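A.B. asks: Here the protein sequences come in this chain order: C and P. The working numbering puts the first residue of the first sequence at 19, with every later residue one more than the last. The working numbering puts the first residue of the second sequence at 1323, with every later residue one more than the last. Heads up, the beta-carbon is just placed ideally off N, CA and C, and yes, glycines get one too. Values in this document were obtained by computation on a predicted structure and should not be read as measured data.
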Amino acid sequence: MEKLVVSVNGIPEQGGVEATSVQKLEPAPQKRKAGASSGSPLRKFATHIAPPLIVLILFLGFWELAIRLADVKPYLFPKPSDIVKAAAENGHNLLVSVRTTIVEAVLGFAFSVILGVAFAIVLALSKTVERSVYPYAIILQTIPIVAVAPIIVIWFGAGMNAIVMIAFLIAFFPILSNTLIGLNSTEANMKNLFYLYNATKWQTIWKLRIPAALPYILAGMKISCSLSVVGAIVGEYIAGIGGLQGGLGYAITVASTRLQTAYLFACGLSAAVMGIVFFLLINALSNRLLRSWHDSAING
Amino acid sequence: MNSTMLAGSSPGMPAPSGEPSGILVGMQNIGKTYPNGTIAVQNVNLLAGEREFLCFVGPSGCGKSTIFNMIAGLTDHTSGELAVLGTTPKDARKQNEIAFVFQEHTLLPWSKLIDNVTMPLTLRGVSKKERIQEGERVLELVGLKDYMKVLPRQLSGGMKMRVSIARALISRPKLLLMDEPFGALDEITRQTLQDELLNIWCSDRKMTVLFITHNVFEAVYLSTRVVVMTPRPGKVADIVDIEAPFPRTDDFRSSPEFGGYVHAVNESLKH
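1) With a threshold of 7 Å between beta carbons, is residue 301 (chain C) in contact with chain P?
2) Please classify residue 1529 (chain P): does DSSP put it in a helix, a strand, or coil?
3) Return yes when the Cβ of residue 230 (chain C) is within less than 7 Å of the Cβ of residue 171 (chain C), no when it is not.
4) Using a C-beta to C-beta distance shorter than 7 Å, which residues of chain P count as neighbours of residue 321 (chain C)?
5) Counting pairs of beta carbons, one from the region 227-241 of chain C and one from the region 129-148 of chain C, are three or more of them closer than 8 Å?
6) Would residue 315 (chain C) pass as an interface residue toward chain P - the criterion being a Cβ-Cβ separation below 7 Å?
7) Would you kindly work out how many angstroms separate the C-alpha atoms of residue 217 (chain C) and residue 1411 (chain P), rounded to a whole number?
8) Do you know offhand how far residue 138 (chain C)'s Cα is from residue 242 (chain C)'s?
9) Does the beta-carbon distance from residue 190 (chain C) to residue 249 (chain C) come in below 7 Å?
10) Just to confirm, are residue 1545 (chain P) and residue 1377 (chain P) a CB contact at a threshold of 7 Å?
11) Please name the residue, chosen from C:168, C:278 and C:279, that lies closest to residue 255 (chain C) on a Cα-to-Cα basis.
12) Whole angstroms is fine: what's the gap from residue 300 (chain C)'s alpha carbon to residue 74 (chain C)'s?
13) Excluding the 5 residues preceding and the 5 following residue 1397 (chain P) in the sequence, name in chain order all residues of the same chain whose CB lies nearer than 6 Å to its CB.
14) Taking only the alpha-carbon atoms, compute the straight-line gap between residue 292 (chain C) and residue 93 (chain C) and give it to the nearest angstrom.
15) Quick test of your reading: residue 104 (chain C) and residue 284 (chain C), contact by CB under 8 Å. State the CB separation rounded to the nearest angstrom.
16) Considering residue 123 (chain C), what are the terminal residues of the alpha helix (DSSP H) in which it resides?
17) Can you tell me whether residue 1467 (chain P) is helix, strand or coil according to DSSP?
18) Which residues in chain C sit within 7 Å of residue 1394 (chain P), going by Cβ to Cβ distance?
19) Quick one: grab the DSSP three-state call for residue 310 (chain C).
20) Quick check: what's the CA-CA separation for residue 275 (chain C) versus residue 95 (chain C)?
21) Let me check one thing: in DSSP terms, what residues is residue 1613 (chain P) bridge-paired to?
22) Ignoring anything shorter than 4 residues or poking outside the region 219-272 of chain C, list the alpha helix (DSSP H) runs there in chain order.
23) Going residue by residue through the region 1393-1429 of chain P, where are the continuous beta strand (DSSP E) segments of at least 3 residues, counting only ones entirely within it?
24) For residue 182 (chain C) and residue 1506 (chain P), what's the separation of their Cα atoms in angstroms?
25) Which residue wins for smallest C-alpha separation from residue 1534 (chain P), given the options P:1362, P:1368 and P:1385?
26) Less than 7 Å between the C-beta atoms of residue 1482 (chain P) and residue 1474 (chain P), yes or no?
27) Under the rule that 16 or more other beta-carbon atoms within 10 Å means buried, what is residue 1438 (chain P), buried or exposed?
28) If the criterion is Cβ atoms closer than 7 Å, does the pair residue 1381 (chain P) and residue 1503 (chain P) meet it?
29) Looking at the C-beta of residue 1381 (chain P), does it have a partner C-beta in chain C at a distance below 7 Å?
30) Along the beta strand (DSSP E) that carries residue 1557 (chain P), what are the first and last residues, could you check?
31) In chain order, which continuous runs of the alpha helix (DSSP H) of length 4 or greater are located wholly inside the region 133-214 of chain C?
32) Have a look at C:221, C:147, C:282 and C:98 and flag the residue whose alpha-carbon is nearest the alpha-carbon of residue 1446 (chain P).
33) According to DSSP, is residue 1516 (chain P) part of a helix, a strand, or is it coil?
34) Would you call residue 1358 (chain P) buried or exposed, if buried means 16 or more other Cβ atoms sit within 10 Å of its Cβ?
35) Determine whether the Cβ of residue 1432 (chain P) lies closer than 7 Å to any Cβ atom of chain C.
36) Any idea what DSSP makes of residue 1367 (chain P), helix, strand or coil?
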């Protein structure tokens, strides 16, 4: 990695200046390598990971202590230790629920990416189509998903299909609108250039507008991936299990009717972790795809 | 005024090689009026022959870029006759004999240099083998052959402009349109690139360059003729023949002859 940086800086355009910058750069990687084995990860831990970790430990300690001292019943407000215990006791059920929800969320998300991008391309190809259709897309988005969900259950039947559909609906719009903005914000100069070199409409789309929109598409995906988890859980609330093993939303409804508050907390936290992991995955994908050329993914 | 312009651009004027030249761009009483009534360009008469290096110089708002856009077919003229390669600008573009360089380098940030310079060929469906071969040729012309696999962001502004020029040269164009290509560069880089561009142009003298600039020195140094334009409304004030021989070097930049031409162009600009 360092070698690459040096060689790029060493481009022999204006000899003198470049040569000195190479000389200056060379000692640095050695220092970094020497420190890499012990000092650098430790320092990163101390500056980046330790502070939030300390806050978390303090928070959990305060929670545990306060509930113990006040002697609140676990079904009203469980302590962290109750939640861990409930999660361990129902470990198998929790795992099954998490798995079900992951499948639903991933499917809903995948559909939203495919259809969101495809739909945005169709809208971007023609201003007329965009002007006539896009307002309705916005209106559809503003209808609360909870209001639409029962209709979807009626149409698609309780269970997987309806849940995936709800996850898809909630994740679709951010992808659509972001992709559309991306496709429409190609630099005018670039478009002129493609036009002047007699590019067809499809060539302009594939070779210019979609790559240029990629940062926007990925930004939409970052929003939608967490939303799809929310959508899946909302879907499970309303559509139930439909003959399958229930997901987290179903587990939450069951736990709340049985006053298993600690397990309810465990399910909620699992959903949160799932959303975070999902986001981190998409974020990593985004950085990987953009890091070579887009400013958002290039860190000094 | 029209008569002097026509005299200056008549086919009999000295073409650099001394050969009789065909007409690549012909403008007769060209005008461009925007729908809101703004007159961008008025009564422009100009003939650009083969192997010419024609610089359009003038302040902003004099219609230089409008002329560029009309020849490229990005905008239509509203009066007069305009012929490019003997046909309309839009049909002329289809012949793949025209190339373009803008002030911005307009490189695709996600594509390696080799893919950037071969883009015009890719759009035409040229085979990969030929593309690579031609890409290596033009990158060598601009001295960047070792950077084929590099992304544009790793280059300096001057190098990006070189790549942009390489991309324009890849289709061996008859007509090269350049819209203030060196406008964003520092003076040292600018002079280096002027020399490189002249070298490339001189080496085979097969293309006509129409070069837009607001820099009088640049115009005089590069061109066989300088078209001096004045604003409000944009029109051609004068055409100055630069008869200094090619190849030109720094000696030309500091010669009294050069100063004389610059003075002549400046005088015309004041009209």
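C.D. replies: Quick answer:
1) Contacts with chain P at 7 Å (Cβ-Cβ) do not include residue 301 (chain C).
2) Coil at residue 1529 (chain P), not helix or strand.
3) For residue 171 (chain C) and residue 230 (chain C), no; Cβs fall outside 7 Å.
4) Any answer about residue 321 (chain C) is impossible in this case: the structure gives chain C only from 19 up to 318.
5) Between the region 227-241 of chain C and the region 129-148 of chain C there are three or more C-beta pairs closer than 8 Å, enough to call the two in contact.
6) Chain P, which has no Cβ nearer than 7 Å to the Cβ of residue 315 (chain C), makes this no.
7) Residue 217 (chain C) and residue 1411 (chain P) have their alpha carbons spaced roughly 16 Å apart.
8) Within the model, the alpha-carbon separation for residue 138 (chain C) versus residue 242 (chain C) is close to 15 Å.
9) Result no, Cβ atoms of residue 190 (chain C) and residue 249 (chain C) do not sit closer than 7 Å.
10) Yes. Within cutoff.
11) The shortest C-alpha to C-alpha distance from residue 255 (chain C) to any of C:168, C:278 and C:279 is the one to C:168.
12) Distance between the alpha carbons of residue 300 (chain C) and residue 74 (chain C): 25 Å.
13) Around residue 1397 (chain P): 1391.
14) When rounded, the distance between both Cα atoms is 24 Å.
15) That belief holds up - the Cβ atoms of residue 104 (chain C) and residue 284 (chain C) are roughly 5 Å apart, short of 8 Å.
16) From DSSP, the alpha helix (DSSP H) with residue 123 (chain C) extends over 109-143.
17) Residue 1467 (chain P): helix per DSSP, three-state reduction.
18) Residues of chain C passing the Cβ test: 214.
19) Reduced to three states, the DSSP call for residue 310 (chain C) is coil.
20) Taking the straight line joining both Cα atoms gives about 15 Å.
21) There is simply no residue 1613 (chain P) to check, as chain P begins at 1323 and stops at 1593 in what is shown.
22) Listed in chain order, the complete alpha helix (DSSP H) runs (minimum 4 residues) inside the region 219-272 of chain C are 228-257.
23) Correct list: 1401-1406 and 1420-1423.
24) CA-to-CA, the gap between residue 182 (chain C) and residue 1506 (chain P) works out to about 52 Å.
25) P:1385 is the residue among P:1362, P:1368 and P:1385 whose C-alpha sits nearest the C-alpha of residue 1534 (chain P).
26) A contact, by the Cβ cut-off of 7 Å.
27) So residue 1438 (chain P) counts as buried.
28) No, the pair does not count as a contact, with Cβ atoms beyond the cut-off.
29) Closer than 7 Å: no.
30) Per DSSP, the unbroken beta strand (DSSP E) holding residue 1557 (chain P) starts and ends at 1557-1563.
31) Correct list: 145-160, 163-174, 178-202 and 206-214.
32) Ranking the options by Cα distance to residue 1446 (chain P), first place goes to C:221.
33) Three-state result, residue 1516 (chain P): helix.
34) By the 10 Å Cβ count, residue 1358 (chain P) comes out exposed.
35) Answer yes: the Cβ-Cβ gap between residue 1432 (chain P) and chain C drops below 7 Å somewhere.
36) Collapsing the DSSP output to three states places residue 1367 (chain P) in a strand.
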